[in-house]
């Protein structure tokens, strides 16, 4: 939910004013995200378990939880249609805002590196998505028999991005920021040119260079086992 390994946080932070306190902002965003996820865990999983929908564990997987398990939970609650409609409305809003964030990374790259206009950049990024994304939806229906490595299109793309692409992207980001980016440039970005978070910088640099890569590699290996 923090969009780690996608370049989204880097892209959005580039819009901040130069005097923005990155330390405070990063902590606030991370804490709020953790708090919401923690509370949702207390709400969703007890509800799923109480209705006996998590016996084999399959109902707790991402796609099954959203499109199969939770609708069954709503069906056993009062005002079923209201809760179902509200849930999928909020889910749609979350999906759209997430799509905007994901697209913004590529759009900004085309604008700054390729010197394309905003409109042209948006069209280059969004049009292929509009053409290809329906395949993910159809993989739950008419294309359900079409599989890649034993998985339908949606599950294949979901597992590929979650288990492989994101960890690799995050690892490469740590290597680039920790070992390739000039230390002075990195320090200036973290400390706002020496005005804030001077004591935090050595800790951040150590985490980026050593701790984060080891954790990412551990997670990646765990996914492969």
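In the numbering used here, the protein residues as written are 2 to 226.
Glycine included, each C-beta is placed from N, C-alpha and C at the ideal position.
Using DSSP with H/G/I as helix, E/B as strand and the rest coil, what is residue i?
i, result
"residue 148", "strand"
"residue 189", "helix"
"residue 198", "coil"
"residue 7", "coil"
"residue 222", "helix"
"residue 142", "coil"
"residue 183", "coil"
Taking Cβ positions, are residue i and residue j nearer each other than 8 angstroms?
i, j, result
"residue 29", "residue 23", "no"
"residue 106", "residue 12", "yes"
"residue 193", "residue 19", "yes"
"residue 132", "residue 104", "no"
"residue 200", "residue 179", "no"
"residue 186", "residue 206", "no"
"residue 1", "residue 122", "Here the chain has residues from 2 to 226 only, and residue 1 is not among them."
"residue 145", "residue 153", "yes"
Span of the alpha helix (DSSP H) holding residue i?
i, result
"residue 126", "119 to 139"
"residue 16", "Careful: residue 16 lies outside any alpha helix (DSSP H) and carries neither H nor E."
"residue 94", "81 to 114"
"residue 26", "23 to 51"
"residue 77", "Taken as a continuous stretch (DSSP letters only), residue 77 belongs to no alpha helix (DSSP H), as it is neither H nor E."
"residue 66", "Neither: residue 66 is in no alpha helix (DSSP H) and is coded neither H nor E."
Sort out for me which residues DSSP pairs residue i with in a bridge.
i, result
"residue 153", "148"
With residue i and residue j assumed to form a contact (beta carbons below 8 angstroms), what rounded beta-carbon distance in angstroms separates them?
i, j, result
"residue 157", "residue 141", "Wrong, their Cβ atoms sit about 13 angstroms apart, outside the cutoff."
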